[in-house]
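Asks: Below is one structure. I have some questions about it.
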Amino acid sequence: MDTEGTRHDSRGGRAGQVPRPATSPPVPPRPSGPPVVPAQAGAGDFLAWLRTPRVREAPGIWAYGHRPRPPEEPDRIPGRQLVAGALISFLCGWLLWSLCWNGYLGDYWLWPLLLFTPDSWREAGANHMAWVWATYLYYVLFALLLVVVFGRLGHWPEVARRYAIEPVRRLTPVRTAQPPLPQDAPADWPELRAAGAADAAERLAAEARAGRMNDVDHARIGRAWESVRARPTRLAAFTDTVLRQGAAACPHLSGTRDLPVRAARHDLYARQVRLGTAADDQRNPYRRRGTGFALEPGLLGTSLLAVGPSGSGKTARVVRPVLESLCLQALAGQAAVVAVGAAGAGLAPDEAFDVVVRLGRPDSPHDLDLYGGATDPDTAAGTLAEGLVGDLSGDVRRAATALAQLLGPHRAVHGRFPSVPELRELLDGTPAVLGVLRAALEDAGDSAQLRELDARERQSSRDGDVGALLADRIALLDRPAFAPFFDPSGGDRQFSPHLLDHPLRVRIELPERGHADASRLLARLVLAQFTESAAHRTDRSLFTCLLLDDATHTVTAEALRGIQRLRSAGAGVVLALRTLDDVPEPLRTPLLGAVGCRVALAGVTTWDGARFAEVWGKEWVEARDVTNRQIIADEPLTRVTHTIRRLVTGRAVTAESVTVRRVERERWSGSDLANAVPAGHAVFSLTTVGGEHTPPLLVDLRS
């Protein structure tokens, strides 16, 4: 069975092949034999991972094995005061016991014993053993009374709970008394049994118990089962495939079942990647302190912006783990991802991707479609204009019109859009090139395209025509290093964002060294093509994400509008910036408002921090104002006492006055973000696609 029961296979994809809407796809090398399954941790570990409960208490919490914290105790005694009070109460109790035992208090402490026992027990010749046992019992009861009284005064139960019971409970591993019943165990696929595919469920359960299934296999087959539920007619084909291939059923287009290396902690059952731990800081909500912090598609669907200087951890601790998680989800048929970064950025090895585009390098296995796979001249002109002059406000619409007036006639004559050298000649207004194009249109009798060409020629003769600017910008791509790229005739090597209807893993390397302006142009072009194609997908169940490791001079007004449309399209972008100064001044605040997840890493400037603080807003807090005033005594004895205290302590005698009031303060000020965020930490604020949000959290990215 070629379709293997997956929803995306309905478009004609096969294992080992990257599908394309019309022409042949860029094909990664097909494995010569069965795919090699990486060594698993063992069937027991996999089953334990699968059966571990996931608690989704709030957005951003690492759900795997999460234990909600107990409710906050407003009257919690500080640790130093608690220990000191317990020690003092113990010494007082021990002193009282010593005084009683050694007879310093006489027989006064024995009066209850004397009161409730007969005098005959203490007379000569009487039964003294009864008196002895009664005395020992009284000693025990008196000691217990001292323990209860002084234990309550010194909060001994709280000391034991805080410093003995809780540490032991945290260190004790959680062990299941007995495995769950088969119908309740996820590894036994109860949903398949309920739908009548008991044979397939038995085969998959046997694969899991034998250690031949990993987390990617489980997520991939679960995704395939979702497509079967949407189209019940495919149940027989799905069952047949599972019975024949077991855990290797419904393979990814590349035939791969895992990544070569995993650098982060992932939970494909919940589609999460762990980035760190929420710090035990007063600024964090009590319920979030010490909990794991994770990201998932439900958060990335609102897009993410990470701002921090070089070396703060944007790539290593934010972008790279997210990219690795999306690559794993792509292998499971749940996501498609495009990573854009400079050569040598170290986002992930080549083996982790299906398509690798190295622009400007002759060894690049794939190419980039300059027009994003569009067939309409207006659509192609709009995205291309955004890439060429999107950083110049006010020229994008005019540039799109000028390009459409040339792309339409050229496509009508040649059946394709122009190459980079051809487009440069058309924008320069070379008479010979325009004359040949006009003659071909006249021979074909295409009056509509002739009018477009006439309009372009009239506009090119005016002062300030945008065609000259477009020609200068397209000249950045008309270089010998880019000669083998941007082939408009298509082919197996060419990639465009329109292919992201399939679970592809794509990496695009930009030639920043020696071609910095061209790299920024291409980054804007890829972003424009991605937002255009992602917003018009028909199947939005496949999450699609674009990661820009360096979004410098990439954000434009049109790009922000496109990013805002992605929330309802099952897509998102991840933007990394060294500083907000790399974004035009009018777009800095709209950028922070357009994305739902914002990250300020350690080392941001106070100017950047002030903008984050403005977006995060304020909250009501209790402010304590402490006032010390000097006490002036009128009585002679009091004056002498105050004089002695001043000579001993070196300070005047004062009285402390505390005023508590509610005030509105910034959650994180610009100064706090610039100076109070430790190295290796970041402040995150999250928003889900459904609108649920979290306050800013200080997260330790190293744990």
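For the sequence shown, counting from 1, position 465 maps to 482 in the numbering used here; every step adds exactly one. Cβ atoms here follow ideal geometry from the backbone N, Cα and C, with glycine treated the same way.
Figure out for me which residue from ALA492, SER381, PHE560 has the closest Cα to the Cα of LEU521.
Replies: LEU521 has its Cα closest to that of PHE560, out of ALA492, SER381, PHE560.
Asks: Under three-state DSSP, which class holds PHE370?
Replies: Note: PHE370 maps to coil in three-state DSSP.
Asks: Hey, is the stretch 310 to 329 in contact with the stretch 82 to 101, meaning 3+ C-beta pairs nearer than 8 Å?
Replies: Cβ pair count under 8 Å is below three, so no.
Asks: Just how far apart, CA to CA, sit THR447 and GLU439?
Replies: The alpha-carbon atoms of THR447 and GLU439 are separated by roughly 10 Å.
Asks: Extract the residue ranges of the beta strand (DSSP E) inside the stretch 320 to 408, only unbroken runs of 3 or more that lie entirely within it.
Replies: Runs found: 321 to 324, 352 to 359, 372 to 375.
Asks: Suppose the cutoff is 8 Å on Cβ atoms and the five residues either side in sequence are ignored; what does the same chain contact list for GLN289 look like?
Replies: Within the same chain, GLN289 has close Cβ partners TRP79, ALA80, TYR81, HIS283, ALA311, LEU312, GLU313, SER342.
Asks: CB-CB under 8 Å to LEU385, same chain, minus the five flanking residues each way: which ones, in chain order?
Replies: So the list reads VAL374, LEU376, PHE502, PHE503, GLN511, PHE512, SER513, ILE525, LEU539, VAL543, once near-sequence residues are dropped.
Asks: When the distance is taken between beta carbons, is VAL336 closer than 9 Å to PHE629?
Replies: Result no, Cβ atoms of PHE629 and VAL336 do not sit closer than 9 Å.
Asks: With a CB to CB cut of under 8 Å and the five nearest residues on each side skipped, what residues in its chain are close to LEU252?
Replies: Only ALA212, GLY213, ALA214, VAL245 meet the Cβ criterion.
Asks: List the endpoints of the continuous alpha helix (DSSP H) containing THR256.
Replies: Where THR256 is concerned, the enclosing alpha helix (DSSP H) stretches over 252 to 262.
Asks: What are the boundary residues of the alpha helix (DSSP H) that includes TRP637?
Replies: Note, TRP637: premise wrong, no alpha helix (DSSP H); beta strand (DSSP E) at 635 to 647.
Asks: Grab the span of the alpha helix (DSSP H) containing PHE764 for me, first residue to last.
Replies: No information on residue 764 is available, as it lies outside the stretch 18 to 720 that the chain covers here.
Asks: Report back the beta-carbon spacing between ARG455 and LEU443 to the nearest angstrom; my notes put them in contact at under 8 Å.
Replies: Going by Cβ atoms, the distance from ARG455 to LEU443 rounds to 12 Å, so no, they are not a contact pair.
Asks: Could you have a look at SER686 and say whether DSSP puts it in helix, strand or coil?
Replies: Correct three-state label for SER686: coil.
Asks: Report the option in GLY389, LEU618, LEU577 whose CA atom is closest to the CA atom of LEU594.
Replies: It is LEU618 whose Cα lies nearest to the Cα of LEU594.
Asks: State buried or exposed for THR660, treating a residue as buried only when at least 16 other CB atoms are found within 10 Å of its CB.
Replies: Looking at its Cβ environment, which holds fewer than 16 other Cβ atoms inside 10 Å, THR660 is exposed.
Asks: Where does ASP598 sit, in a helix, a strand or coil, going by DSSP?
Replies: Helix.
Asks: Note down, one range per segment and in chain order, each alpha helix (DSSP H) of at least 4 residues found wholly within the stretch 157 to 187.
Replies: Listed in chain order, the complete alpha helix (DSSP H) runs (minimum 4 residues) inside the stretch 157 to 187 are 173 to 177.
Asks: With a cut-off of 8 Å, do at least 3 Cβ pairs link the stretch 121 to 135 to the stretch 171 to 178?
Replies: Verdict: no, contact absent.
Asks: May I ask you to report which of helix, strand or coil DSSP gives VAL572?
Replies: Coil at VAL572, not helix or strand.
Asks: Determine whether the beta carbon atoms of ALA75 and ARG304 lie at a separation below 9 Å.
Replies: In this structure, ARG304 lies closer than 9 Å to ALA75 by Cβ.
Asks: Can you tell which of ARG554, ASP62, ARG240 has its C-alpha closest to the C-alpha of GLY350?
Replies: Comparing Cα positions, the closest option is ARG240.
Asks: On the DSSP letters alone, give me the boundaries of the alpha helix (DSSP H) that GLU652 sits inside.
Replies: Here GLU652 belongs to no alpha helix (DSSP H), and DSSP marks it neither H nor E.
Asks: Per DSSP, what kind of secondary structure is ILE94 in: helix, strand or coil?
Replies: In the structure shown, ILE94 sits in coil (DSSP, three-state: anything other than H, G, I, E or B).
Asks: Starting from the C-beta of LEU345, find all residues in its chain whose C-beta is less than 7 Å away, skip the five residues before and the five after it, and write them out in chain order.
Replies: The residues are VAL233, LEU276, HIS283, LEU285.
Asks: In the DSSP assignment, the beta strand (DSSP E) including ARG510 goes from what residue to what residue?
Replies: Note, ARG510: premise wrong, no beta strand (DSSP E); not H, not E.
Asks: Which whole-angstrom value describes the C-beta separation of ILE580 and SER381, a residue pair presumed to lie in contact below a C-beta threshold of 8 Å?
Replies: That belief does not hold up - the Cβ atoms of ILE580 and SER381 are roughly 28 Å apart, past 8 Å.
Asks: Could you tell me the alpha carbon to alpha carbon distance between ALA369 and ARG279, rounded to whole angstroms?
Replies: Whole-angstrom Cα-Cα distance: 10 Å.
Asks: According to DSSP, simplified to helix, strand and coil, what is HIS431?
Replies: DSSP places HIS431 in helix when its eight states are reduced to three.
Asks: I'd like to check one pair, GLY293 with TYR699: are the Cβ atoms closer than 9 Å?
Replies: Per the sequence shown, the amino acid found at residue 699 is Ala instead of Tyr. Yes, these two residues count as a Cβ contact at 9 Å.
Asks: By Cβ distance, which residues of its chain are closer than 8 Å to ASN645, with the 5 residues on each side in sequence left out?
Replies: Here the set comprises THR671, ALA672, GLU673, SER674.
Asks: Have a look at VAL706 and GLY613 and give me their C-alpha separation to the nearest angstrom.
Replies: Roughly 8 Å separates the two Cα atoms.
Asks: Please state the DSSP three-state secondary structure of GLY587.
Replies: The answer is coil: DSSP assigns GLY587 none of H, G, I, E or B.
Asks: Within the same chain, show all residues whose beta-carbon is closer than 8 Å to that of PRO497, passing over the 5 residues directly before and after it, in chain order.
Replies: The answer is none, since no qualifying residue turns up.
Asks: Do you know whose CA, among HIS710, ARG684, GLY708, lies nearest ASP298's CA?
Replies: Nearest option by C-alpha distance: ARG684.
Asks: In the DSSP assignment, find the unbroken alpha helix (DSSP H) run with GLN546 in it and report its ends.
Replies: First-last of the alpha helix (DSSP H) with GLN546: 533 to 551.
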